[in-house]
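Our numbering puts the first residue of the sequence shown at 34, with every later residue one more than the last.
We put the beta carbon where it would ideally sit given N, CA and C, even for glycine.
One structure is given below, encoded as structure tokens.
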Amino acid sequence: MKKLWMMVLSVAVLSTGAFAKEIYVTIGSDAIDMSQKSLMTANAIATSSEITVLKINEKDIEKLSHLMHVNFNRCGGFIVHDSEQEAIAVLNNNAVRKTAKSLNFLNYTITEGERVQNMISRVNEFKMRDMILKLSSFNNRYYKSQSGVDSQAYVKSTWEAIAAGRTDAKVEYFMHSAWPQPSVVMTVEGSTMKDEILVIGGHADSIAGFWGRERARAPGADDNASGIATITEIMRVMMETGYKPQRTVKFMAYAAEEVGLKGSKAIADQYKAQGKNVVGVVQFDMTNHKGTKNLDIVFMKDFTNEAQTKFMGSLIDTYVTGVSWGYSKCGYGCSDHASWHNVGYPASMPFESTMGDINGKIHTKNDTIDAVGSQDTADHAEKFARLGVAYLVEMGK
Ligand SMILES: [Zn+2]
Numbered sequence: 034m035k036k037l038w039m040m041v042l043s044v045a046v047l048s049t050g051a052f053a054k055e056i057y058v059t060i061g062s063d064a065i066d067m068s069q070k071s072l073m074t075a076n077a078i079a080t081s082s083e084i085t086v087l088k089i090n091e092k093d094i095e096k097l098s099h100l101m102h103v104n105f106n107r108c109g110g111f112i113v114h115d116s117e118q119e120a121i122a123v124l125n126n127n128a129v130r131k132t133a134k135s136l137n138f139l140n141y142t143i144t145e146g147e148r149v150q151n152m153i154s155r156v157n158e159f160k161m162r163d164m165i166l167k168l169s170s171f172n173n174r175y176y177k178s179q180s181g182v183d184s185q186a187y188v189k190s191t192w193e194a195i196a197a198g199r200t201d202a203k204v205e206y207f208m209h210s211a212w213p214q215p216s217v218v219m220t221v222e223g224s225t226m227k228d229e230i231l232v233i234g235g236h237a238d239s240i241a242g243f244w245g246r247e248r249a250r251a252p253g254a255d256d257n258a259s260g261i262a263t264i265t266e267i268m269r270v271m272m273e274t275g276y277k278p279q280r281t282v283k284f285m286a287y288a289a290e291e292v293g294l295k296g297s298k299a300i301a302d303q304y305k306a307q308g309k310n311v312v313g314v315v316q317f318d319m320t321n322h323k324g325t326k327n328l329d330i331v332f333m334k335d336f337t338n339e340a341q342t343k344f345m346g347s348l349i350d351t352y353v354t355g356v357s358w359g360y361s362k363c364g365y366g367c368s369d370h371a372s373w374h375n376v377g378y379p380a381s382m383p384f385e386s387t388m389g390d391i392n393g394k395i396h397t398k399n400d401t402i403d404a405v406g407s408q409d410t411a412d413h414a415e416k417f418a419r420l421g422v423a424y425l426v427e428m429g430k
């Protein structure tokens with residue numbers, strides 16, 4: 034009887050809460066005006082020149098995601114927090130962000146030429162194309178839909194098959210209690226420096242349209258099946274060649290990026306709380322649309338680590354022949370690297386074009402592989418997999 038009453042009570046609390054739940058997000062201060070004009074509520078609680086804490090209605094999350102995409106070309110563009118206190122703490126953690134930008138953890142040296150070149154030569158565009166097509170074939174990979182759960186099961190089983198026979202590798206779900214889609218993490222334990230961790234990640238969810246998100250067709254071929262295909266190809270080459278890193282490597286397919294970097298934030302916050310030593314993070318979010326003439330790989334300069342990003346440029350010059358690179362900016366919270374940056378870890382974000390030349394089809398039913406600048410191939414994404422292999426080996430040593 035008591036249990037029954039508690040159930041009735043909690044259902045009542047939950048259902049009233051669902052109508053009016055207010056949540057706190059951090060967002061670029063350049064987006065305040067737009068948010069206040071377009072959302073039911075958007076109260077600026079605290080602000081700095083770069084970042085603002087907004088109190089919004091939880092029901093407006095998807096709308097905000099859409100607006101940030103349409104108005105600012107940002108894939109995510111804001112971060113959802115667990116409380117007002119936490120959001121304000123993030124706003125005020127300039128010192129942590131400064132550290133994340135300026136840290137110089139390692140000797141960024143290039144010494145593994147023979148191994149890297151052998152591994153890079155095995156990167157296979159057809160396999161990447163296949164992975165993009167498979168992921169795009171789910172109706173959507175939305176964080177609340179069954180197909181978004183099924184697509185992560187597909188990523189998990191694909192990664193398990195790639196790692197079969199490797200006793201140093203395991204693939205696990207990272208469960209999120211507030212929504213059904215899990216993140217997927219493959220851990221390859223370092224042979225000599227297992228407490229030093231490299232994170233190679235990208236988001237696995239997709240989104241399209243304004244309403245009916247669970248049912249909306251969202252192939253997300255470029256955003257971000259291309260990034261997951263890039264990560265998958267890096268690990269496939271790693272396993273095919275029997276490469277064993279000295280540092281621990283974590284490959285991550287994050288849930289729920291499109292609705293405020295929720296999946297990566299949960300993981301990065303947990304790593305921080307556990308005092309894990311993450312020495313490098315790289316984010317692959319959109320790799321298959323060649324949108325900028327004469328520029329292949331574009332590194333985001335804001336909210337990223339300077340030294341590691343520069344090192345990745347040197348890796349391209351050394352190993353990824355015929356590929357040009359440059360810089361752009363994407364604003365606060367544009368993708369999952371921001372979750373790591375915000376807690377002080379050094380992160381880089383190599384992107385497919387400048388922000389001005391971003392693929393206009395993302396977040397619609399038309400984000401398909403035939404609609405990108407590499408025309409029905411994974412030719413552009415392949416360049417990122419080659420860079421990722423070089424990063425893995427030179428950082429893993
Ligand atoms: Zn994305």
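Residue nearest to residue 105 within the set 249, 374, 362 is 362 (criterion: CA-CA distance).
If you compare the alpha carbons of 311, 149, 277 with that of residue 228, the shortest gap goes to 311.
Looking at the DSSP output, residue 280 sits in a beta bridge with 226. For residue 422, the CB contacts under 6 Å within the same chain, skipping 5 residues up- and downstream, are 152, 153, 267, 270 in chain order. For the set 223, 215, 338, the Cα lying nearest the Cα of residue 184 is the one of 215.
Taking a cut-off of 5 Å from the heavy atoms of ligand 1, the residues with a C-beta inside it are 108, 256, 257, 318.
Here residue 225 is exposed, its C-beta having fewer than 16 other C-beta atoms within 10 Å. If you check the CB distance, residue 283 and residue 330 do not come in under 8 Å.
Bridge partners of residue 87 according to DSSP: 58, 77. In this structure, the beta-carbon distance from residue 137 to residue 340 falls below 8 Å.
C-alpha of residue 247 to C-alpha of residue 355: approximately 42 Å in a straight line.
For residue 111, the enclosing beta strand (DSSP E) has its first and last residue at 111 to 114. Cβ atoms of residue 382 and residue 333 come within 8 Å of each other, at about 4 Å. Here residue 71 carries a helix assignment [DSSP, helix/strand/coil].
With a threshold of 16 other beta carbon atoms within 10 Å, residue 173 meets it and is buried. For residue 331, the enclosing beta strand (DSSP E) stretches over residues 330 to 333.
Beyond the five residues adjoining it in sequence on each side, residue 349 comes within less than 7 Å, by CB distance, of 330, 356, 358, 420 in the same chain, given in chain order. Bounds of any beta strand (DSSP E) do not take in residue 355, whose DSSP letter is neither H nor E.
Comparing C-alpha distances from residue 257 to each of 64, 239, 101, 366 shows the shortest one belongs to 239. Remark: C-beta atoms of residue 288 and residue 261 do not approach each other more closely than 8 Å. Around the C-beta of residue 303, fewer than 16 other C-beta atoms lie within 10 Å, and the residue is accordingly described as exposed. In the pairwise beta carbon analysis, the stretch 54 to 65 is classified as touching the stretch 74 to 88: at least three pairs are separated by under 8 Å. Contact annotation, residue 114 with residue 57: C-beta distance approximately 5 Å; criterion of less than 8 Å satisfied. In this structure, residue 193 and residue 182 do not form a Cβ contact; the two beta carbons are roughly 17 Å apart against a cut-off of 8 Å.
Inter-residue distance for residue 255 and residue 320 is about 7 Å (C-alpha atoms, whole angstroms).
Per the C-alpha coordinates, the member of 281, 201, 54, 82 positioned closest to residue 124 is 82.
Residue 251 is positioned such that its CB atom lies closer than 8 Å to that of residue 398.
Residue 392 counts as buried, since at least 16 other C-beta atoms from the protein chains shown sit within 10 angstroms of its C-beta. Beta-bridge pairing by DSSP links residue 316 to 234. Excluding five sequence positions before and after residue 418, the CB atoms of its chain that fall closer than 7 Å to its own CB belong to 156, 161, 263, 266, 267, given in chain order. By the CB criterion at 8 Å, residue 290 and residue 297 fall inside the cutoff. Residue 188 is not a Cβ neighbour of residue 301, given a cutoff of 8 Å. Under DSSP, residue 207 forms a beta bridge with 216.
Under the 10 Å beta carbon count, residue 364 is surrounded by 16 or more other beta carbons and is classified as buried. Residue 221 carries a strand assignment under DSSP once its states are collapsed to helix, strand and coil.
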